[in-house]
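A.B. asks: The sequence shown begins at 4 in this note's numbering and counts up by one.
The C-beta atom is built at its ideal place from N, Cα and C for all residues, glycine as well.
Below is the structure I would like to discuss, written out as structure tokens.
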Amino acid sequence: MTNTEPQQQSGGPRHPLLAALPDARPLAGMPTETLDKMGVEIRDVLCNLLATRTAHFASNLGVVELCLALHAEFDFQNDRLIWDTGHQIYPHKLVTGRYSQFESIRTRGGLMGYPNPAESPYDLFMTGHAGSSVSTAVGLRSGDILTGHPDRRTVAVIGDGAFPSGIVFEALNNAGASKEDLTVVLNDNKMSICHRTGAVASYLDRLRNNPFYTGLKHEVVRLLDHVPMFGDPAERLLAQMKEGVKAGLLGGMLFEELDIRYIGPIDGHNIALLRKYMNLCKEIEGPVLLHVVTEKGHGYKPAAEDPVFFHTPPAFEDRGGTPVTRGSDGCPPYTTHARDAIGEAMKRDDRVTVITAAMCQGNKLEPVREQFPERFFDVGICESHAVAFAAGQCKTGMRPIVDIYSTFLQRSYDQIFQEVVLQDLPVVFMMDRAGLTGPDGPTHHGVYDIGYMRLFPNLVLMAPGYAAELPMMLDACLAHDHPTGIRYPKASALEATHTPAPIEMGKAEWIREGDDGTIVAYGAMLEQAIEAAEKLEGELSVGVVNARFVKPIDHEMVEKSMADGRFVVTLEEGTIVGGFGSAFLESAADQRLDTRQIHRLALPDVFVEHGDRSDLLADASLSAEGIANVCRSAASNVSVG
Numbered sequence: 004m005t006n007t008e009p010q011q012q013s014g015g016p017r018h019p020l021l022a023a024l025p026d027a028r029p030l031a032g033m034p035t036e037t038l039d040k041m042g043v044e045i046r047d048v049l050c051n052l053l054a055t056r057t058a059h060f061a062s063n064l065g066v067v068e069l070c071l072a073l074h075a076e077f078d079f080q081n082d083r084l085i086w087d088t089g090h091q092i093y094p095h096k097l098v099t100g101r102y103s104q105f106e107s108i109r110t111r112g113g114l115m116g117y118p119n120p121a122e123s124p125y126d127l128f129m130t131g132h133a134g135s136s137v138s139t140a141v142g143l144r145s146g147d148i149l150t151g152h153p154d155r156r157t158v159a160v161i162g163d164g165a166f167p168s169g170i171v172f173e174a175l176n177n178a179g180a181s182k183e184d185l186t187v188v189l190n191d192n193k194m195s196i197c198h199r200t201g202a203v204a205s206y207l208d209r210l211r212n213n214p215f216y217t218g219l220k221h222e223v224v225r226l227l228d229h230v231p232m233f234g235d236p237a238e239r240l241l242a243q244m245k246e247g248v249k250a251g252l253l254g255g256m257l258f259e260e261l262d263i264r265y266i267g268p269i270d271g272h273n274i275a276l277l278r279k280y281m282n283l284c285k286e287i288e289g290p291v292l293l294h295v296v297t298e299k300g301h302g303y304k305p306a307a308e309d310p311v312f313f314h315t316p317p318a319f320e321d322r323g324g325t326p327v328t329r330g331s332d333g334c335p336p337y338t339t340h341a342r343d344a345i346g347e348a349m350k351r352d353d354r355v356t357v358i359t360a361a362m363c364q365g366n367k368l369e370p371v372r373e374q375f376p377e378r379f380f381d382v383g384i385c386e387s388h389a390v391a392f393a394a395g396q397c398k399t400g401m402r403p404i405v406d407i408y409s410t411f412l413q414r415s416y417d418q419i420f421q422e423v424v425l426q427d428l429p430v431v432f433m434m435d436r437a438g439l440t441g442p443d444g445p446t447h448h449g450v451y452d453i454g455y456m457r458l459f460p461n462l463v464l465m466a467p468g469y470a471a472e473l474p475m476m477l478d479a480c481l482a483h484d485h486p487t488g489i490r491y492p493k494a495s496a497l498e499a500t501h502t503p504a505p506i507e508m509g510k511a512e513w514i515r516e517g518d519d520g521t522i523v524a525y526g527a528m529l530e531q532a533i534e535a536a537e538k539l540e541g542e543l544s545v546g547v548v549n550a551r552f553v554k555p556i557d558h559e560m561v562e563k564s565m566a567d568g569r570f571v572v573t574l575e576e577g578t579i580v581g582g583f584g585s586a587f588l589e590s591a592a593d594q595r596l597d598t599r600q601i602h603r604l605a606l607p608d609v610f611v612e613h614g615d616r617s618d619l620l621a622d623a624s625l626s627a628e629g630i631a632n633v634c635r636s637a638a639s640n641v642s643v644g
């Protein structure tokens with residue numbers, strides 16, 4: 004499926020070079036020609052993986068040569084390597100002894116699609132969020148010096164999309180001041196997940212596209228290095244001019260002013276060149292930034308031409324260089340309904356804006372961006388800025404919607420507190436991927452937003468149980484003069500078979516009554532609640548409540564659901580600590596109700612591994628059958644009592 008198919012030995016493994024690697028150490032002795040052949044094998048493995056399941060694709064194709072050069076020039080069983088972001092980890096896994104397990108990646112019990120220290124000593128951190136690699140690398144270098152290992156080299160690989168993150172510049176500020184040895188590899192492919200935006204992107208474009216710099220840098224350096232520097236004023240002026248000319252001609256002045264040596268840009272698909280410059284980085288004292296230019300999707304033409312689609316494409320079959328994806332089945336996901344609701348709100352009200360953080364494609368906002376370009380804002384991988392930016396807009400009378408994955412919104416926690424809820428500004432937070440994200444695993448599961456958001460005064464939090472509720476909830480949020488939040492999962496949205504009750508702040512919706520007990524579902528777990536109640540028909544009479552709100556919780560609903568000693572089972576696709584079930588218990592306790600018949604079903608207090616969403620829900624008894632079994636047990640205890 005790749006442009007250059009690997010040669011298969013008769014009767015031997017399809018990928019003989021990868022199959023023979025016990026770990027990455029043999030790469031150090033391999034000639035460039037052999038490493039190039041291994042790169043072909045890696046791309047073949049990646050393409051064949053996409054025939055079986057969705058996975059990160061274009062980003063991994065783009066770092067094949069970079070990965071091979073890094074492992075050929077450093078010994079990362081002793082040296083330190085941090086990949087930022089970890090979704091580009093597949094080639095690294097293939098050359099660090101995990102080729103035989105690679106077919107299991109992103110499946111339950113198999114390899115994680117991100118670095119995982121439990122899998123290999125080559126993986127130091129489970130990096131699923133962008134921007135932190137330079138900070139952790141600076142810390143690793145500091146710790147190695149303090150513990151008597153100054154010979155260990157530290158490398159952070161960070162993409163240009165992640166580079167504008169605020170924490171990156173905090174780390175560079177610290178690195179430049181420390182003057183300790185450190186190599187930061189800036190992997191510049193002109194992309195994050197979507198096309199990157201912002202002034203830093205423009206700066207990198209200028210560095211990459213300056214023909215004078217790329218053509219004359221060696222001669223300029225050689226000549227300028229012969230300019231003498233002595234002590235009198237004229238010579239000091241000459242020295243200052245020399246440094247200014249070097250910065251102006253060589254680029255990278257931003258980094259040089261931070262006391263970080265800038266080298267590059269260089270071709271990130273030329274292994275021999277990469278190895279040469281990595282050796283140069285090792286010889287330079289102090290922090291170095293190596294600017295490497297790569298092509299996202301390199302080696303597979305459709306992915307190179309459309310890296311946005313091929314970031315995490317659905318499984319596809321390659322037919323003569325043309326990818327053919329499998330057909331989609333099921334109802335549209337909540338994300339689609341959210342996108343449509345945002346678009347309709349922007350049509351009706353010129354004050355409404357939408358802000359995302361490099362996730363236009365993931366949030367399916369492309370049509371909104373095209374229709375309302377002046378009110379669409381992609382701030383890049385800068386979630387803290389996104390929230391503070393929204394607060395600023397809100398103060399002028401605009402009604403911003405911050406559309407960010409639950410797991411990434413965590414990065415802006417202080418701004419949610421200080422700039423939004425403390426000021427009581429009516430920002431709307433739309434928390435996509437709230438709940439389990441399946442094969443992405445613990446770095447991306449959005450299971451903490453209920454707990455971390457419901458603590459704040461002024462903030463109203465809700466979750467739709469079915470598709471028709473989402474636009475109703477967004478309209479209610481935009482009409483509310485205080486901060487609000489809506490959470491919804493990465494799942495197909497339930498289509499309601501009833502006429503939805505109007506949205507009233509802090510009021511639940513009763514779907515059905517029950518004499519024996521009540522299932523109270525928060526958000527998308529309503530689908531499983533209804534199915535469980537139907538399974539129990541003829542056995543138990545169980546009511547179903549669509550809670551709608553976790554804050555303020557419907558205290559009357561809590562009291563009614565527990566009337567006459569009935570059991571209650573609460574459901575949520577979030578962590579059991581501090582979640583909806585906890586809010587339900589708090590309400591019952593405040594009303595002096597008997598809480599012994601309350602049973603909370605939620606995700607356990609552990610980091611949930613990757614796997615199919617339905618399997619992970621079943622593990623937590625959040626499948627219809629699991630919920631029905633808990634109801635049976637609860638009813639039995641009521642009878643015994």
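Can you tell me whether D452 is buried or exposed? The criterion is at least 16 other CB atoms within 10 Å of its CB, across all chains shown.
C.D. replies: buried
A.B. asks: DSSP three-state label for R225, please.
C.D. replies: Because the pLDDT at R225 is just 49, under 50, the model does not fix this residue reliably, and the value given afterwards should be weighed accordingly. R225: helix per DSSP, three-state reduction.
A.B. asks: Let me make sure I understand the geometry here. Which of N273, A61 and L257 has the alpha-carbon closest to that of L71?
C.D. replies: N273
A.B. asks: When you compare each of V431, Y265, S409 and V371 to I287 by their alpha carbons, which one comes out closest?
C.D. replies: Y265
A.B. asks: So what's R209 in DSSP terms, helix, strand or just coil?
C.D. replies: R209: helix per DSSP, three-state reduction.
A.B. asks: Considering only C-alpha positions, which residue in the set K398, D593 and H59 is nearest to P316?
C.D. replies: Comparing Cα-Cα distances from P316 to each of K398, D593 and H59, the minimum goes to H59.
A.B. asks: For Y280, report the span of its alpha helix (DSSP H) as first-last.
C.D. replies: I274 to E286
A.B. asks: Is DSSP giving D353 helix, strand or coil here?
C.D. replies: coil
A.B. asks: Between the stretch 138-150 and the stretch 107-120, are three or more C-beta pairs nearer than 8 Å?
C.D. replies: no
A.B. asks: Just to check my reading of the structure: A496 and A466 have Cβ atoms closer than 8 Å, yes? What is that Cβ distance to the nearest angstrom?
C.D. replies: In fact, because the Cβ distance is near 12 Å, the residues do not count as touching under 8 Å.
A.B. asks: When burial is assigned at 16 or more other CB atoms within 10 Å of the CB, is S636 buried or exposed?
C.D. replies: Per the 10 Å Cβ criterion, exposed.
A.B. asks: Would you report the Cα separation of E516 and P492, rounded to the nearest angstrom?
C.D. replies: 26 Å
A.B. asks: So, does the stretch 511-526 touch the stretch 358-372, judging by three or more C-beta pairs under 8 Å?
C.D. replies: no
A.B. asks: Beta strand (DSSP E) containing H602: first to last residue?
C.D. replies: I601 to L606
A.B. asks: Measure the C-alpha to C-alpha separation of R83 and K285 and round it to an integer number of angstroms.
C.D. replies: 13 Å
A.B. asks: With H, G and I counted as helix, E and B as strand and the rest as coil, what does DSSP make of M129?
C.D. replies: coil
A.B. asks: Shorter than 8 Å from the beta carbon of A482 to some beta carbon of chain C?
C.D. replies: Although the question refers to chain C, the structure presented lacks it and comprises just one protein chain.
A.B. asks: Buried or exposed, going by whether 16 or more other CB atoms sit within 10 Å of the CB of R351?
C.D. replies: exposed
A.B. asks: Since P403 sits in a beta bridge, which residues does DSSP pair it with?
C.D. replies: T356
A.B. asks: Taking a contact to mean a Cβ-Cβ separation below 8 Å, would you say A389 touches E422 in this structure?
C.D. replies: No, the pair does not count as a contact, with Cβ atoms beyond the cut-off.
A.B. asks: By the three-class DSSP mapping on this structure, what secondary structure does G162 have?
C.D. replies: strand
A.B. asks: Could you check what DSSP says for V633 in three-state terms: helix, strand or coil?
C.D. replies: helix
A.B. asks: Since H558 is in the beta strand (DSSP E), which residue starts that stretch and which ends it?
C.D. replies: Premise fails: H558 lies in the alpha helix (DSSP H), H558 to S564, not in any beta strand (DSSP E).
A.B. asks: As a quick exercise: from T130, Q91, G146 and D417, pick the residue whose alpha carbon is nearest that of N192.
C.D. replies: Of the listed residues, the one whose Cα sits closest to N192 is Q91.
A.B. asks: Can G468 and A524 be called in contact, C-beta distance under 8 Å?
C.D. replies: Cβ distance < 8 Å, so G468 and A524 count as in contact.
A.B. asks: Look at the Cβ atom of R372, then the Cβ atom of E76, and state whether they are nearer than 8 Å.
C.D. replies: no
A.B. asks: When you compare the CB positions of G383 and L64, do they come within less than 8 Å of one another, or not?
C.D. replies: no
A.B. asks: If you run the structure through DSSP and keep just helix, strand and coil, what is D597?
C.D. replies: Of the three classes helix, strand and coil, the one that applies to D597 here is coil, per DSSP.
A.B. asks: Does the stretch 584-603 come within contact of the stretch 619-627, defined as at least 3 CB pairs closer than 8 Å?
C.D. replies: no
A.B. asks: Where does A437 fall in DSSP's three states?
C.D. replies: strand
A.B. asks: Just to check my reading of the structure: P445 and E612 have Cβ atoms closer than 8 Å, yes? What is that Cβ distance to the nearest angstrom?
C.D. replies: 7 Å
A.B. asks: Determine the extent of the beta strand (DSSP E) in which K304 is found, giving its start and end residues.
C.D. replies: K304 -> not in any beta strand (DSSP E); alpha helix (DSSP H) instead, spanning K304 to E308.
A.B. asks: Taking the alpha-carbon positions, what's the L458 to I489 distance?
C.D. replies: Going from the Cα of L458 to the Cα of I489 covers about 15 Å.
A.B. asks: Might you give, ordered along the chain, the residues of its own chain that have their beta carbon closer than 6 Å to the beta carbon of H448, omitting 5 neighbours on each side?
C.D. replies: The residues are L439, T440 and V611.
A.B. asks: Could you tell me which uninterrupted beta strand (DSSP E) segments, each at least 3 residues in length, are contained entirely in the stretch 508-539, listed from first to last along the chain?
C.D. replies: 512-515 and 520-524
A.B. asks: Any idea if P34 is buried or exposed, counting beta-carbon neighbours within 10 angstroms, 16 or more meaning buried?
C.D. replies: exposed
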